[in-house]
Amino acid sequence: MIRGLVFILLFQGMGEIISKALSLPIPGPVIGMVLLLSVLVIRDQLDPDVERVAGAFTQNLGLLFIPAAVGVVMFIPALRVYGLSVAAILLASVALSIAITAITLRLLTPPASTDDAAPSPESEE
């Protein structure tokens, strides 16, 4: 399991280095995730240690949001002033994300072939 954690943290570190060295506006962990995904696609297999660590992260994902929640609590005075604006922007961004995801899925999903479709009861007569 330590091997998998080191593997994931290595890619996060590489992403941080690339982000800082090239002064990119993309966060280092995002670049590291893309690099990790690239390596996993090229290798066409998932290392069991990496899978175990990723599963542990996924099972405990709620705990990873605690620092963010504490950060929000620190800004309660600002939220009192700008809370309605922030809520409106959050709702709009969620709706936009869902719409873009749906459009992307529709564009990437091949259309159903008529040969594979089950015959309708009307066509059997």
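For what it's worth, my numbering labels the leading residue of the sequence shown as 113, then goes sequentially. The beta-carbon is built from N, C-alpha and C at its ideal position, and this holds for glycine as well.
C-beta contact flag for V162 and G116 at 8 Å
Locating residue 162 in the sequence shown gives position 50, where the first residue counts as 1. Locating residue 116 in the sequence shown gives position 4, where the first residue counts as 1. A contact, by the Cβ cut-off of 8 Å.
Across the region 121 to 133 and the region 143 to 150, are there enough close Cβ pairs to call them in contact, namely three or more that are closer than 8 Å?
The region 121 to 133, when compared against the region 143 to 150, does touch it at the 8 Å Cβ threshold.
Buried or exposed: A215, going by 16 or more other Cβ atoms within 10 Å of its Cβ?
For this step, residue 215 is matched to residue 103 along the sequence shown. The amino acid at residue 215 is misidentified as Ala; the sequence shows Ile. Looking at its Cβ environment, which holds fewer than 16 other Cβ atoms inside 10 Å, I215 is exposed.
Would you tell me roughly how many angstroms separate the C-alpha atoms of A168 and P141, rounded to the nearest one?
On the sequence shown, residue 168 is found 56 positions in, with the first residue counted as 1. On the sequence shown, residue 141 is found 29 positions in, with the first residue counted as 1. Spanning the two alpha carbons is a distance of roughly 18 Å.
Counting only C-beta atoms, is A207 closer than 8 Å to chain C at any point?
No chain C is part of this structure, which consists of one protein chain only.
Starting from I143 and walking both ways along the alpha helix (DSSP H), at which residues does that stretch end?
Residue 143 sits at position 31 when you count from the first residue of the sequence shown. It spans G140 to R155 - the alpha helix (DSSP H) in which I143 sits, taken as one unbroken run.
I'd like the span of the alpha helix (DSSP H) that includes D159, first residue to last.
Along the sequence shown, one-based indexing puts residue 159 at 47. Taken as a continuous stretch (DSSP letters only), D159 belongs to no alpha helix (DSSP H), as it is neither H nor E.
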